[in-house]
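First comes the structure, then the notes that go with it.
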Amino acid sequence: MKKTMVMLFLVALMLPVVLMSGCGAKTPDEKADAIVSELNDSLQLTDVQRRNLDSIMNEILNKRTQIDRQLADQIQYGFTSQLRKDKFDPAEFEEFMLKYNEQSNEMVRFIGQKLSEFHAMLSPPQRNRLVEEIAKNRERWLMQ
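So for the sequence shown, the numbering used here puts the first residue at -7; every next one is plus one.
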């Protein structure tokens, strides 16, 4: 009886972990595909709009990959070079982080340009539907 209770407890403990580990998109590409698919369904995009959206999403993913690689190398170098020193220099670290923020801001500007392209390709009814979807899903997004 005790062994059965322990097994039931372990199963009950592991079940949510197993179920949650397979849920949702994992990679940036999978997340982007899910977003494009959702936009296509909710906005009823034309074939031309869908191709344009795919192109925009690919440009964003490529830029993200490029910046992420640069940042990963810079972060590793900047942080490890500080750790190798006898004394950690907060001013040098702050300067390094400012460069990191500049590259992050570059990505924000790029995404802003791409959102402008996306906005331009939508019809007024599609833009209104998009606003409605954003408002409807606000709570769901805040919970993630």
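We put the CB at the ideal spot given by N, CA and C, even for glycine.
Predicted, not measured: the structure shown is a model, and the values here were computed from it.
Contact between the segment 60 to 68 and the segment 91 to 107 is established, with three or more Cβ pairs separated by less than 8 Å. Short of 6 Å from the beta carbon of F88, and not among the five residues preceding or following it, lie these beta carbons of its own chain, in chain order: G70.
Non-local beta-carbon contacts of L122 in its own chain, meaning distances under 8 Å to residues more than five positions away in sequence, involve L31, S34, L35 and L114 in chain order. The three-state secondary structure of L37, taken from DSSP, is coil.
Contact annotation: I48 and M99 have beta-carbon atoms that are not nearer than 7 Å.
Annotation for I52: I103 and K106 place their beta carbon closer than 7 Å to its own, counting only its chain and skipping 5 residues before and after. In this structure, the CA atom of F85 is about 11 Å from the CA atom of T72. A straight line joining the alpha-carbon of V28 with that of T38 spans about 13 Å. Burial of L45 is indicated by the presence of at least 16 other C-beta atoms within 10 angstroms of its C-beta.
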